[in-house]
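A.B. asks: Supplied in structure tokens, the structure appears directly below.
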DNA sequence: AGCAAGATCGGT
DNA sequence: CCGATCTTGCTG
């Protein structure tokens, strides 16, 4: 039941993203605390990553990615679905881990709908927030991890499209 | 001011 | 495969 602190999130996204697998996402919803194991994550890393929203520089939408690791980046896609991301790394190194699945809810749009995550979570700090944070998993430590190319980024070109930065738990 | 596209999803 | 749905970022 130990909350992950700044030191966890301030590292490179390629270290943080796979380590998020098996950790527990805790959220206060309608006054009740709920816990879900994280089962699938994708890494978006720096302005050079053509699939990353920071590839076109800092904008009002993505500016929180340039903040210190531990913040939340949420944005609306296709006019309907909120995407939940954890900012990682040092300040001014734009990176984030997209939470794609939690136990029971496969799909980034489906999990935010269930958790009632929206624009109001933008910029929230996972290390201090009273309504959302991440905890160690006290039951399990050893997970088998698989990595695959990221989903839905055909526009990013051959190289970035195929980099295996999607991490999921092997069943 | 106008427009094209999007880190998705559910139904044909 | 296709449409829903609307914010964003780019162009002019």
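Numbering (the numbering used here), first residue to last: 599 to 769. We put the CB at the ideal spot given by N, CA and C, even for glycine.
When the distance is taken between beta carbons, is residue 620 closer than 8 Å to residue 767?
C.D. replies: yes
A.B. asks: Closer than 7 Å by C-beta to residue 752: which residues in its own chain qualify, once you throw out the five before and the five after it? Chain order, please.
C.D. replies: Result list for residue 752: 759, in chain order.
A.B. asks: So if DSSP puts residue 676 in a beta bridge, which residue, or which two residues, is it bridged to?
C.D. replies: Answer by DSSP bridge pairing: none, since residue 676 is not bridged.
A.B. asks: Short check: CB of residue 728 to CB of residue 656, under 8 Å?
C.D. replies: no
A.B. asks: What residues in its chain sit with their C-beta under 6 Å from that of residue 604, if we drop five residues either side in the sequence?
C.D. replies: 668 and 725
A.B. asks: Tell me, please, whether the stretch 688-699 touches the stretch 629-646 by the rule of three or more beta-carbon pairs shorter than 8 Å.
C.D. replies: yes
A.B. asks: Take residue 661 and list the residues in its own chain whose beta-carbon comes closer than 8 Å to its own, dropping the five residues that flank it on each side.
C.D. replies: none
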